[in-house]
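Using full-length UniProt numbering, the first residue of the sequence shown is number 1, and each one after it goes up by one. We put the beta carbon where it would ideally sit given N, CA and C, even for glycine. Since the structure comes first, as C-alpha coordinates, the remarks are kept for the end.
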Amino acid sequence: MMISYVIEVFVGLAGGLAVGSGFVAFITVLGIIPRLVQLSKSKEFLQLYEWAVILGALFGIFISFSHISVQAPIFIEMIWGLLHGIFIGMLAAALTEVLNVFPILAKRMRLDQKIELLVLAIVFGKIIGSLFQWVIYVR
1 MMISYVIEVF
11 VGLAGGLAVG
21 SGFVAFITVL
31 GIIPRLVQLS
41 KSKEFLQLYE
51 WAVILGALFG
61 IFISFSHISV
71 QAPIFIEMIW
81 GLLHGIFIGM
91 LAAALTEVLN
101 VFPILAKRMR
111 LDQKIELLVL
121 AIVFGKIIGS
131 LFQWVIYVR
(Lines of atoms letter the chains of each structure in order from A and count residues from 1; the text may use other names and numbers.)
(Lines give C-alpha, C1' and ligand atoms only; values in the text may rest on other atoms or scores of the structure.)
Protein backbone atom coordinates (compact mmCIF):
# COMPACT_ATOMS: atom_id res chain seq x y z
CA MET A 1 0.00 0.00 0.00
CA MET A 2 2.77 2.41 0.95
CA ILE A 3 4.69 1.66 -2.25
CA SER A 4 1.71 2.74 -4.37
CA TYR A 5 1.70 6.12 -2.59
CA VAL A 6 5.42 6.52 -3.24
CA ILE A 7 4.90 5.70 -6.92
CA GLU A 8 1.99 8.16 -7.15
CA VAL A 9 4.08 10.92 -5.56
CA PHE A 10 6.98 10.18 -7.90
CA VAL A 11 4.79 10.16 -11.02
CA GLY A 12 3.02 13.33 -9.91
CA LEU A 13 6.26 15.18 -9.27
CA ALA A 14 7.75 13.95 -12.55
CA GLY A 15 4.66 15.02 -14.48
CA GLY A 16 4.60 18.39 -12.76
CA LEU A 17 8.27 18.91 -13.49
CA ALA A 18 7.74 18.06 -17.17
CA VAL A 19 4.72 20.34 -17.56
CA GLY A 20 6.31 23.16 -15.58
CA SER A 21 9.50 22.95 -17.62
CA GLY A 22 7.47 23.01 -20.81
CA PHE A 23 5.54 26.07 -19.62
CA VAL A 24 8.73 27.92 -18.70
CA ALA A 25 10.32 26.97 -22.03
CA PHE A 26 7.21 28.16 -23.89
CA ILE A 27 7.19 31.50 -22.06
CA THR A 28 10.95 31.86 -22.60
CA VAL A 29 10.81 31.07 -26.32
CA LEU A 30 7.98 33.54 -26.84
CA GLY A 31 9.93 36.17 -24.92
CA ILE A 32 6.89 37.62 -23.19
CA ILE A 33 8.71 39.14 -20.23
CA PRO A 34 11.56 40.77 -22.20
CA ARG A 35 9.03 42.12 -24.71
CA LEU A 36 6.86 43.48 -21.88
CA VAL A 37 9.90 45.19 -20.37
CA GLN A 38 10.89 46.60 -23.75
CA LEU A 39 7.44 47.98 -24.57
CA SER A 40 6.78 49.43 -21.13
CA LYS A 41 10.35 50.74 -20.68
CA SER A 42 10.43 49.30 -17.17
CA LYS A 43 13.74 47.47 -16.99
CA GLU A 44 13.98 48.23 -13.27
CA PHE A 45 10.95 45.97 -12.65
CA LEU A 46 12.33 42.93 -14.51
CA GLN A 47 12.88 40.90 -11.35
CA LEU A 48 9.37 41.81 -10.17
CA TYR A 49 7.91 40.47 -13.44
CA GLU A 50 9.84 37.24 -13.07
CA TRP A 51 8.62 36.77 -9.49
CA ALA A 52 5.07 37.55 -10.61
CA VAL A 53 5.21 34.70 -13.14
CA ILE A 54 6.68 32.28 -10.58
CA LEU A 55 4.22 33.21 -7.82
CA GLY A 56 1.31 33.18 -10.28
CA ALA A 57 2.20 29.65 -11.38
CA LEU A 58 2.53 28.49 -7.77
CA PHE A 59 -0.78 30.14 -6.85
CA GLY A 60 -2.45 28.45 -9.83
CA ILE A 61 -1.08 25.08 -8.74
CA PHE A 62 -2.30 25.64 -5.19
CA ILE A 63 -5.80 26.65 -6.30
CA SER A 64 -5.98 23.73 -8.75
CA PHE A 65 -5.12 21.10 -6.16
CA SER A 66 -6.91 22.50 -3.13
CA HIS A 67 -10.61 22.54 -2.43
CA ILE A 68 -10.63 26.23 -1.61
CA SER A 69 -13.51 28.21 -3.01
CA VAL A 70 -13.00 31.95 -3.23
CA GLN A 71 -16.14 34.05 -2.95
CA ALA A 72 -15.40 37.54 -4.21
CA PRO A 73 -17.55 40.53 -5.12
CA ILE A 74 -18.39 40.92 -8.80
CA PHE A 75 -16.01 43.90 -9.07
CA ILE A 76 -13.05 41.75 -7.98
CA GLU A 77 -14.11 39.02 -10.40
CA MET A 78 -14.22 41.58 -13.20
CA ILE A 79 -10.66 42.67 -12.42
CA TRP A 80 -9.58 39.02 -12.22
CA GLY A 81 -11.15 38.35 -15.63
CA LEU A 82 -9.51 41.45 -17.08
CA LEU A 83 -6.10 40.29 -15.89
CA HIS A 84 -6.71 36.85 -17.41
CA GLY A 85 -7.71 38.49 -20.68
CA ILE A 86 -4.58 40.64 -20.68
CA PHE A 87 -2.40 37.57 -20.12
CA ILE A 88 -4.08 35.56 -22.87
CA GLY A 89 -3.89 38.54 -25.23
CA MET A 90 -0.19 39.01 -24.55
CA LEU A 91 0.41 35.30 -25.03
CA ALA A 92 -1.42 35.32 -28.36
CA ALA A 93 0.36 38.49 -29.48
CA ALA A 94 3.75 37.03 -28.57
CA LEU A 95 2.96 33.82 -30.41
CA THR A 96 1.86 35.64 -33.56
CA GLU A 97 4.89 37.92 -33.36
CA VAL A 98 7.28 34.99 -33.10
CA LEU A 99 5.61 33.06 -35.90
CA ASN A 100 4.98 36.13 -38.11
CA VAL A 101 1.41 34.97 -38.62
CA PHE A 102 -0.14 38.28 -39.68
CA PRO A 103 2.27 39.15 -42.53
CA ILE A 104 1.99 35.63 -43.95
CA LEU A 105 -1.81 35.62 -43.65
CA ALA A 106 -2.08 39.10 -45.16
CA LYS A 107 0.11 38.08 -48.10
CA ARG A 108 -1.93 34.95 -48.79
CA MET A 109 -5.21 36.88 -48.59
CA ARG A 110 -3.75 39.63 -50.81
CA LEU A 111 -4.22 42.21 -48.04
CA ASP A 112 -0.59 43.37 -47.92
CA GLN A 113 -1.51 47.05 -47.66
CA LYS A 114 -4.47 46.51 -45.31
CA ILE A 115 -2.99 44.50 -42.43
CA GLU A 116 -4.75 46.82 -39.94
CA LEU A 117 -8.11 45.68 -41.33
CA LEU A 118 -7.07 42.06 -40.89
CA VAL A 119 -6.17 42.65 -37.24
CA LEU A 120 -9.43 44.54 -36.63
CA ALA A 121 -11.43 41.74 -38.25
CA ILE A 122 -9.79 39.20 -35.95
CA VAL A 123 -10.38 41.38 -32.88
CA PHE A 124 -14.04 42.03 -33.69
CA GLY A 125 -14.54 38.36 -34.51
CA LYS A 126 -13.22 37.41 -31.08
CA ILE A 127 -15.45 40.01 -29.40
CA ILE A 128 -18.59 38.92 -31.24
CA GLY A 129 -17.80 35.24 -30.63
CA SER A 130 -17.32 35.86 -26.91
CA LEU A 131 -20.53 37.88 -26.66
CA PHE A 132 -22.44 35.16 -28.51
CA GLN A 133 -21.09 32.51 -26.18
CA TRP A 134 -21.89 34.36 -22.96
CA VAL A 135 -25.14 36.07 -23.92
CA ILE A 136 -26.84 33.40 -26.03
CA TYR A 137 -25.12 30.04 -25.60
CA VAL A 138 -24.36 29.94 -21.85
CA ARG A 139 -27.84 30.90 -20.64
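Between which two residues does the alpha helix (DSSP H) containing I68 stretch?
Element bounds for I68: n/a, residue is neither H nor E.
Label I32 either buried or exposed according to how many other C-beta atoms from any shown protein chain fall within 10 Å of its C-beta, with 16 as the threshold for buried.
Buried: at least 16 other Cβ atoms inside 10 Å.
Spatial neighbours of V119 in its chain, beta-carbon cut-off 8 Å, leaving aside the 5 residues before and after
Exclusion of the five residues before and after V119 leaves F102 as the residues of its chain whose Cβ lies within less than 8 Å of its Cβ.
Whole-angstrom Cβ separation of L30 and L95, contact assumed at under 8 Å?
Correct: roughly 6 Å between the Cβ atoms.
Helix, strand or coil for Q133, going by three-state DSSP, please let me know.
In this structure, Q133 counts as helix in the three-state DSSP scheme.
Continuous alpha helix (DSSP H) stretch holding F26: start and end
From DSSP, the alpha helix (DSSP H) with F26 extends over 2-30.
DSSP state of R108, grouped into three classes?
It is helical.
Best match in A93, A106, A121, I136 for proximity to I27 [C-alpha to C-alpha]
It is A93 whose Cα lies nearest to the Cα of I27.
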